[in-house]
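Here the sequence shown is numbered in UniProt numbering, starting from 1 and rising by one per residue.
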Amino acid sequence: MPAFEYRSLDHRGKVKRGTLEADSARQIRQQLRDKGWVPLEVTEARDRTAGGLSARFSGTGKLKGGEQALITRQLATLLKSGLPVEQALSAVAKQAGNVRVEKIILAVRGKVLEGFSLARALAEYPRAFPEMYRATVAAGEQSGHLEQVLEQLADYLETRDDTGRSVSQAMIYPAFIMVFSALVIGFLMAFVVPKMVAVFANRDQALPFITVAVIALSDFVRAWGWLLALAVIGAGVAFARAMRQPAFRMRVHRRMAALPLIGTMMRASDSARLASTLGILGRSGVPLVDALFIAAQVVGNLAIRQAVVNAAARVREGGSLSRALETSGYFPPMLVQMIASGEASGELDSMLTRAADYQERELTSTVQTLVGLLGPMMLLMMAGFVILIVLAVMLPIMQMNNFMAG
């Protein structure tokens, strides 16, 4: 049964929008009239794939991590209870609580009712359901264990979403301290220091170096601060435009992956994501070479992604996965050793899951430590700058007192 979008007037004359299912647009209009509403527009979703509904879903209909995890968990639960796929999708759409998510699920259900497999229906909306998600669902359908595969996929998505949320929440305090410090320092340099200059302007005494430096910095901020801000914004815009070029973006990602601290965290994050994806694809029955090409798409750093693609090519030629990953130099030795152990024991899928858990724990611990240090460091920097301004004010006053006492 296809899905239709409607626009109508309710009893109070307010415009109502939504999505309903029926055999035809006429039935949708009748349903609206039965409710006492005046139908204004009824459009069949599947007739708008060329430039309307599907284009919006593909371009701006990206599901959040939590939404993906919730949808997957609900589907797994409903399918495990014995409901057919189309009925499970209908139930998930009704429980969505979000018009955007409801439209996506109903559009997918419409494709399933037309005879598409679930994976093929999800492929119509690649922004909402990435390649790894679709490949996992396809593997579950081919193996006949779709509900178990969806449960594993839901576990993976929930873990990934929880990790991302915890990191984001941990960054709130340091970000606040950073912005507050910048505002305080800017206020001091723009308003406090100039008044200090007025106190010593008419005196012929030599000022201490700290005072001269602070005054010079304040004059620069007042005279050229706007130009500096424009230069920073312009550089950011130019960099963002340059990042659209694949060659430049690859060079930047390669340099970032080689940085001491940021690069280490980036490699650990991508390694954990790669291992998790490979593990769930392997347990779903996806061949290793295909799983590597699919898992490469979830790696954020382009240099590391290219290393995974190269590793897939070596595995296709008969090489071992651990050796192929080790050659690139991007992956932690512990991950490589655990993969080698899994290949030797024939339990690569379970070992990949363990390796992903280990990498995620290490990454979370490192991020929490760094975030915990960042806040106090920003406070110390702000306190140090305030002390510098206080010294710049007090030292000339102390010199004047000594001169008058002498």
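Built from N, CA and C at the ideal position, the CB exists for glycine as well. Model, not experiment: these values are computed from the prediction.
Cβ-Cβ distance between residue i and residue j below 8 Å
| i | j | result |
| --- | --- | --- |
| residue 364 | residue 163 | yes |
| residue 219 | residue 279 | no |
| residue 108 | residue 125 | yes |
| residue 16 | residue 37 | yes |
| residue 134 | residue 154 | no |
| residue 267 | residue 257 | yes |
| residue 354 | residue 338 | yes |
| residue 139 | residue 285 | yes |
| residue 335 | residue 312 | no |
| residue 132 | residue 297 | yes |
| residue 234 | residue 270 | no |
| residue 93 | residue 106 | yes |
| residue 398 | residue 177 | no |
| residue 373 | residue 321 | no |
| residue 395 | residue 211 | yes |
| residue 86 | residue 113 | yes |
| residue 308 | residue 295 | yes |
| residue 146 | residue 72 | no |
Cα-Cα separation, residue i to residue j
| i | j | result |
| --- | --- | --- |
| residue 381 | residue 5 | 56 Å |
| residue 393 | residue 375 | 28 Å |
| residue 190 | residue 179 | 16 Å |
| residue 366 | residue 194 | 43 Å |
| residue 9 | residue 41 | 10 Å |
| residue 50 | residue 66 | Legend: pLDDT at residue 50 = 36, less than 50; position of this residue unreliable, no value from coordinates given. |
| residue 167 | residue 159 | 12 Å |
| residue 282 | residue 127 | 23 Å |
| residue 253 | residue 306 | 11 Å |
| residue 243 | residue 249 | 5 Å |
| residue 29 | residue 97 | 23 Å |
| residue 272 | residue 241 | 30 Å |
| residue 319 | residue 226 | 58 Å |
| residue 459 | residue 185 | The structure shown does not extend to residue 459, since the chain spans only 1 to 406, so no value can be given for it. |
| residue 88 | residue 76 | 9 Å |
| residue 341 | residue 260 | 28 Å |
| residue 20 | residue 26 | 12 Å |
| residue 165 | residue 33 | 44 Å |
| residue 7 | residue 44 | 12 Å |
| residue 161 | residue 68 | 9 Å |
| residue 214 | residue 304 | 45 Å |
| residue 347 | residue 360 | 20 Å |
| residue 123 | residue 141 | 14 Å |
| residue 389 | residue 230 | 26 Å |
| residue 317 | residue 310 | 11 Å |
| residue 55 | residue 18 | Residue confidence is low: residue 55 scores 40 on pLDDT, short of 50, so the model does not pin down where it sits. Its coordinate-derived value is still stated next. Whole-angstrom Cα-Cα distance: 18 Å. |
| residue 401 | residue 192 | 22 Å |
| residue 144 | residue 70 | 22 Å |
| residue 391 | residue 239 | 39 Å |
| residue 91 | residue 277 | 28 Å |
| residue 345 | residue 104 | 43 Å |
Which of helix, strand or coil DSSP assigns to residue i
| i | result |
| --- | --- |
| residue 127 | coil |
| residue 116 | coil |
| residue 102 | helix |
| residue 94 | helix |
| residue 144 | coil |
| residue 279 | helix |
| residue 18 | strand |
| residue 7 | strand |
| residue 81 | coil |
| residue 111 | helix |
| residue 63 | coil |
| residue 13 | coil |
| residue 243 | coil |
| residue 401 | helix |
| residue 56 | Only weak support is given to the placement of residue 56: the predicted model assigns it a pLDDT of 43, under 50, and the value that follows is read from those uncertain coordinates. The answer is helix: DSSP assigns residue 56 an H, G or I state. |
Element boundaries [beta strand (DSSP E), containing residue i]
| i | result |
| --- | --- |
| residue 41 | 38-44 |
Host alpha helix (DSSP H) of residue i (start-end)
| i | result |
| --- | --- |
| residue 261 | Careful: residue 261 lies outside any alpha helix (DSSP H) and carries neither H nor E. |
| residue 30 | 25-34 |
| residue 250 | 246-257 |
Check: Taking only runs of the alpha helix (DSSP H) that begin and end inside the UniProt domain "Type II secretion system protein GspF" (276-396), which ones reach a length of at least 4 residues, in chain order?
Finding: 288-295, 302-316, 321-328 and 333-345
Checklist line | Inside the stretch 171-239 only - alpha helix (DSSP H) runs reaching at least 4 residues | finding: 172-187 and 193-200
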